[in-house]
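Taking our numbering, the leading residue of the sequence shown gets 2, the next gets one more, and so forth.
Ideal Cβ positions, reconstructed from N, Cα and C, are used throughout, including at glycine.
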Amino acid sequence: MTVALWCLFAAAIFHPLSKFPLAAAQAREGKGYDNRNPREQQARLSGWGARARAVHANQIESFPLFAAGVLVATVAAPKVAAIDTLALAYIVARLVYPVLYLKDIHVGRSLVWGVGYIASLALLSSPAWA
């Protein structure tokens, strides 16, 4: 299995991991974690909790483009080293992104998001250049 495919696996695990800060924020809000109506409870969060919700949503949103990029690159692009590097760049960006977002470092968060997005686009377009 290539590094890029391991990165795809890791990115899939980020989905439930990104829920932990959100669940912690929900647990601290009001009467604790509301498992009957979690989305309603999440909508009431503010500050750090709202940012935790945004981190989780963004992780879910960013995964399909990355997954498509890795799969396209794996099938159609022969330059494995470049593909692996791009996949690792996405993973590093997705590890740094929640930290910056939760600490409300908005400019850094946006820059790191851009790195992940560009890496995903580069993977998706890799058959044209690799």
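Can you grab the Cα-Cα spacing for the pair V81 / S126, in whole Å?
Along the sequence shown, one-based indexing puts residue 81 at 80. Along the sequence shown, one-based indexing puts residue 126 at 125. Taking the straight line joining both Cα atoms gives about 14 Å.
According to DSSP, is D85 helix, strand or coil?
As a working mapping, residue 85 is identified with position 84 in the sequence shown. In the structure shown, D85 sits in a helix (DSSP, three-state: H, G or I).
| said: I'd like to know whether the C-beta of T3 is nearer than 8 Å to at least one C-beta of chain C. | reply: Looking for chain C here will not work: only one protein chain is present.
Query raised in the report: Whose C-alpha, out of Y34, Q43, V56, K32, is nearest the C-alpha of S19?
Result: Translated into positions along the sequence shown, residue 19 becomes position 18. The shortest Cα separation from S19 among Y34, Q43, V56, K32 belongs to V56.
**Asked** Taking the alpha helix (DSSP H) that K80 falls in, what are its first and last residues?
**Response** Here residue 80 is taken as the residue at index 79 of the sequence shown, counted from 1. Unbroken run through K80: none, as it is neither H nor E.
Next item on the list: Please confirm whether F15 and Q60 have their CB atoms less than 8 Å apart.
Entry: The count along the sequence shown starts at 1 and reaches residue 15 at position 14. The count along the sequence shown starts at 1 and reaches residue 60 at position 59. Yes. Within cutoff.
- If you draw a straight line from the alpha carbon of L122 to that of A5, how long is it in whole angstroms? By 1-based counting over the sequence shown, the position of residue 122 is 121. By 1-based counting over the sequence shown, the position of residue 5 is 4. About 14 Å.
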